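Reviewing the structure listed below.
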Amino acid sequence: MTDIKAALRSQRIETPSWAYGNSGTRFKVFAQQGVPRDPYEKLADAAQVHAYTGIAPTVALHIPWDKVDDYADLARHAGEAGVRIGAINSNVFQDDDYKLGSVTHPDARVRRKATDHLLECVDIMDATGSDTLKLWFSDGINYPGQDDIRSRQDRLAESLAEVYDRLGEGQRFLLEYKLFEPAFYATDVPDWGTAYAHCVKLGPKAQVVVDTGHHAPGTNIEFIVAFLLREGKLGGFDFNSRFYADDDLMVGAADPFQLFRIMYEVIRGGGFTDEVAFMLDQCHNIEPKIPGQIRSVMNVQEATAKALLVDRDALSAAQREGDVLGANAVLMDAYNTDVRPLLAELREEQGLAPDPMAAYAKSGYFEKIAAERVGGQQAGWGA
Ligand code: AOS
Ligand code: ZN
Ligand code: ZN
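Residues 1 to 383 in UniProt numbering are what the sequence shown lists, from first letter to last.
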């Protein structure tokens, strides 16, 4: 139990700045009370999540949604609030120029503009001390014949190589894949295999990020995790839940068992280290945002605790003996354990309240921001 607690104490989960802004679907963005008006206030809210969970010390930025004049100042402010800047997320999907793609666009001018933005994101990493660039491309085509699938791969490779070469010592990029949306016929980075192949060609500073909402229904995500870890190419996660497509709901809400299976493979594969970034990529369209993030961090923590509880020796023995039911029971025993008392105890040992949700609700922070902040910012989409 001491080992499990030590592992849990070392866990780090990154929250995304965009989770604190107003969001919605393509039909409606709902405004909530007390929503941040600028990146500084987003960091202040993220610091609340860290203050009550103790395991969310970094915040991912999205450029240009979090554009400021002085990034070093933003990083200083983060430090004062008790958090640090995590991954820098690029945005090459919101300009009119990107209608037919960004780095894979048929027009070299648009490709140049997109790659320049990615390079600017590396400058922001330098200024903020961030070591990770997260690349997600909305690039793809809607109709057969619209553009040449193969040439688009060449253009993608060319841009990625330029960004890769710009990375400094201790910096890396994570390439994110997504099955579809906004492109509906062929996406340029649709799956882990495509992302993996590009990353292998580029070298050790390029790794794959697994967004749990970016697969076809029924995909075995823990297999992908096991495979990428084995190859040293799992750079991190964008955690969220999905029922249908890229729903960006709270992680662990739709399928806590899947989250447990993923965390088990992470631990089994030696990925429970700083090497693998455990990030949330979610939107709280109808639920309050700070509690939504606290709940999500707790869900990942619970799945991790259960995965750590798996009796690995007993599992190996059952596997060796071909004891199908025995092996499955070892895994299920861990999954079915109520780890909430253990986590409450762990928090108290760290000087935290045993129930982060209740402690935040009692703190008065929400009432304060609701009164102080008028005209909160939209997370980004359609802004
Ligand atoms: C988009 O579907 C991806 O999940 C990206 O990670 C994206 O940058 C993020 O969701 C913010 O839009
Ligand atoms: Zn994502
Ligand atoms: Zn997504």
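Each residue gets a CB set at the ideal place from its N, CA and C atoms; glycine is no exception.
Since this is a predicted model, take the numbers as computed values, not measurements.
Nearest-angstrom Cα distance between residue i and residue j?
| i | j | result |
| --- | --- | --- |
| E349 | G54 | 11 Å |
| P36 | D313 | 48 Å |
| Y335 | W18 | 31 Å |
| G161 | Q301 | Checking the displayed sequence, the identity of residue 161 turns out to be Ala instead of Gly. Computed Cα separation, rounded: 36 Å. |
| A317 | I267 | 18 Å |
| P356 | R373 | 23 Å |
| G382 | Q94 | Note that G382 scores a pLDDT of 44, beneath 50, so its modelled location is shaky; the value from the coordinates is reported in the next line. Cα to Cα, the separation comes out at about 8 Å. |
| K306 | I262 | 11 Å |
| T273 | A197 | 23 Å |
| P256 | T132 | 27 Å |
| N142 | F180 | 10 Å |
| M279 | E158 | 27 Å |
| L202 | E222 | 25 Å |
| L259 | K368 | 34 Å |
| Y264 | A327 | 14 Å |
| H105 | H215 | 24 Å |
| A371 | Q146 | 51 Å |
| A379 | Y98 | 20 Å |
| E275 | Q171 | 12 Å |
| G232 | D238 | 18 Å |
| R150 | T187 | 12 Å |
| V163 | K362 | 46 Å |
| V59 | Y185 | 33 Å |
So residue i packs on residue j, CB below 8 Å; how close in whole Å?
| i | j | result |
| --- | --- | --- |
| A7 | L43 | Rounded, the Cβ-Cβ distance is 28 Å, inconsistent with contact. |
| A108 | V92 | Actually they are not in contact, since the Cβ atoms of A108 and V92 sit about 15 Å apart, beyond 8 Å. |
| I85 | A75 | 5 Å |
| V210 | I224 | 6 Å |
| G236 | A277 | 3 Å |
| Y52 | L352 | 7 Å |
| K205 | L167 | 5 Å |
| F227 | V189 | At roughly 17 Å, the Cβ-Cβ gap does not stay under 8 Å, so F227 and V189 are not in contact. |
| G193 | D247 | Contact doesn't hold; Cβ gap of about 23 Å is too wide. |
| K134 | E176 | 6 Å |
| L309 | V330 | No, L309 and V330 are not in contact; Cβ-Cβ is about 10 Å, not under 8 Å. |
| R155 | R112 | In fact, because the Cβ distance is near 11 Å, the residues do not count as touching under 8 Å. |
For residue i, which residues of its own chain have a beta-carbon under 7 Å away from its beta-carbon, when the five flanking residues on both sides are left out?
| i | result |
| --- | --- |
| A254 | S241, R242, F243 |
| K5 | L346 |
| A81 | L43, A44, A47 |
| F30 | N22, G24, N285, I286 |
| A245 | E181 |
| P57 | R12, H50, V83, R84 |
| H117 | S90, V92 |
Where DSSP assigns a beta bridge to residue i, which residues make up the other side?
| i | result |
| --- | --- |
| N89 | H62, K134 |
| F278 | F237 |
| E14 | M279 |
| G24 | V29 |
| R84 | T58 |
| A186 | I141 |
| L249 | S241 |
Return the chain-ordered list of same chain residues with a C-beta closer than 8 Å to the C-beta of residue i, the five sequence neighbours on each side being excluded.
| i | result |
| --- | --- |
| I290 | Y20, D45, Q48, V49, Y360, Y365, F366 |
| M250 | N240, S241, Q282, H284, E287, G292, R295, S296, N299 |
| R230 | G269 |
| R340 | E302 |
| T2 | none |
| I124 | L61, I63, Y71, I88, S130 |
How far does the beta strand (DSSP E) with residue i in it extend, from its first residue to its last?
| i | result |
| --- | --- |
| Q207 | 206-211 |
| E176 | 172-176 |
For residue i, report the span of its alpha helix (DSSP H) as first-last.
| i | result |
| --- | --- |
| G79 | 71-81 |
| residue 384 | Outside the displayed range of the chain (1 to 383) lies residue 384, so it cannot be described from this structure. |
| residue 389 | A query on residue 389 cannot be resolved here, the shown segment of the chain reaching from 1 to 383 and no further. |
| F223 | 221-230 |
| I149 | 149-166 |
| L343 | 340-349 |
| H50 | 39-53 |
| K201 | 192-202 |
| E367 | 365-372 |
| Q146 | Neither: Q146 is in no alpha helix (DSSP H) and is coded neither H nor E. |
| V324 | 324-335 |
| D123 | 108-128 |
| D97 | Premise fails: D97 is in no alpha helix (DSSP H) and is neither H nor E. |
| T273 | Looking at the DSSP string, T273 is not in any alpha helix (DSSP H), and its letter there is neither H nor E. |
| K5 | 2-9 |
| residue 460 | There is no way to answer for residue 460, as the model of the chain reaches only from 1 to 383. |
Tell me which same chain residues have a C-beta within less than 6 Å of the C-beta of residue i, skipping the five on either side of it?
| i | result |
| --- | --- |
| Y40 | H77 |
| A344 | P354 |
| D66 | S17, P39 |
_Which residues end up in the neighbourhood of ligand 4 when you take C-beta atoms closer than 5 Å to any of its heavy atoms?_
Inclusion of ligand 4 in the displayed structure is not the case, the ligand content consisting of ligand 1, ligand 2 and ligand 3 alone.
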